[in-house]
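Written below as structure tokens is the structure these notes are about.
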């Protein structure tokens, strides 16, 4: 599902690719680019949960912002990865500068 989605793989300045998804037991880390629409991710997760019988716990979802400070501030204010994107669910928290986050299996 992810491979055939509209979600993009992140790249660094040196054009190194960053993985799209990382999974460890029941924790999943998904990397979205500035061009991605979070609605595409919601649709993939909904389909996967329906097929597997799993339940996605939206209340435990955190967004780790990567990029220039102006971009990170814009995402926190708008709850969107870009102006054309669907806003994040109300329960999703975006981390602010200096806030720590635990990524299991990293």
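In our numbering, the protein residues as written are 626 to 731. Cβ atoms here follow ideal geometry from the backbone N, Cα and C, with glycine treated the same way. Just so you know, these numbers come straight off a predicted model, no measurement behind them.
If residue i sits next to residue j, beta carbons under 8 Å apart, how far is it from one beta carbon to the other, in whole angstroms?
{"i": "residue 714", "j": "residue 683", "result": "6 Å"}
{"i": "residue 665", "j": "residue 703", "result": "Their Cβ separation, rounded to whole angstroms, is 17 Å, which puts residue 665 and residue 703 out of contact at 8 Å."}
Let's test the definition: count the other Cβ atoms within 10 Å of the Cβ of residue i and tell me whether it reaches 16, buried, or not, exposed.
{"i": "residue 651", "result": "exposed"}
{"i": "residue 661", "result": "buried"}
{"i": "residue 677", "result": "exposed"}
{"i": "residue 671", "result": "exposed"}
{"i": "residue 663", "result": "buried"}
{"i": "residue 710", "result": "buried"}
{"i": "residue 729", "result": "exposed"}
Using the three-state DSSP reduction, which class does residue i fall into: helix, strand or coil?
{"i": "residue 659", "result": "coil"}
{"i": "residue 719", "result": "strand"}
{"i": "residue 698", "result": "helix"}
{"i": "residue 665", "result": "helix"}
{"i": "residue 688", "result": "strand"}
Measure from the alpha carbon of residue i to the alpha carbon of each residue in the options, then state which is nearest.
{"i": "residue 712", "options": "700, 721, 722", "result": "700"}
{"i": "residue 705", "options": "719, 724, 686", "result": "719"}
{"i": "residue 723", "options": "690, 703, 639, 674", "result": "690"}
{"i": "residue 686", "options": "707, 630, 708, 667", "result": "667"}
{"i": "residue 716", "options": "688, 657, 659", "result": "688"}
{"i": "residue 692", "options": "654, 673, 675, 659", "result": "659"}
{"i": "residue 674", "options": "653, 694, 657", "result": "653"}
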